[in-house]
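Okay, structure first, notes after.
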Amino acid sequence: GMGGVGKTAIAEAIYDQIGPYFEDKCLLKKVRNICQKNNGQVSLQMKLLFDIDKATEIKIHTIESGKVILKERLRHKRVLLVLDDVNKLEQLNALCGCREWFGAGSKIIVTTG
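Residue numbering for the sequence shown follows full-length UniProt numbering, starting at 1 and increasing by one per position.
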């Protein structure tokens, strides 16, 4: 959608309002900007992993290994995931793959630029 109309603010408000009802939650802001940097998608995968498993010592080194790790860690959890300012399908593929990545009752909210 058009920039500056409040998509991020709405997504953040929803996150704050319903977040407490989920086992784990993660808000990834400025996905587009971060993904333009070196290893941007991997750094977002790491943030997601740490937000849902703060005690983890696992390090993600590649996008593909990140997908495997995230699917394994997320698939039995009821998670709220907000992805802000996504502009490429590959970003979605790296961060939330497919429905089978998430446990029953999980919700994913995506805003686009």
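In this text, a Cβ means the ideal position worked out from N, Cα and C, and glycines have one as well.
Query, Result
"Based on the DSSP output, what are the partners of residue 112 in its beta bridges?", "86"
"Is the CB-CB distance between residue 31 and residue 91 below 7 Å?", "yes"
"Are the stretch 51-58 and the stretch 1-21 touching, with three or more C-beta to C-beta distances below 8 Å?", "no"
"Can you name, in chain order, every residue of its own chain whose Cβ lies under 6 Å from the Cβ of residue 61, other than the five neighbours on each side?", "none"
"Specify the secondary structure class of residue 98 as computed by DSSP and reduced to three states.", "coil"
"Residue 85: beta carbon under 6 Å from a heavy atom of the ligand NAD?", "Looking for the ligand NAD in the displayed structure turns up nothing, as the structure carries no ligands at all."
"Is the separation between the beta-carbon of residue 73 and that of residue 105 shorter than 7 Å?", "no"
"Would you call the CB atoms of residue 80 and residue 107 closer than 7 Å?", "yes"
"Name, in chain order, the residues that DSSP records as bridge partners for residue 25.", "80"
"Using only the alpha-carbon positions, how far apart do residue 18 and residue 87 sit?", "25 Å"
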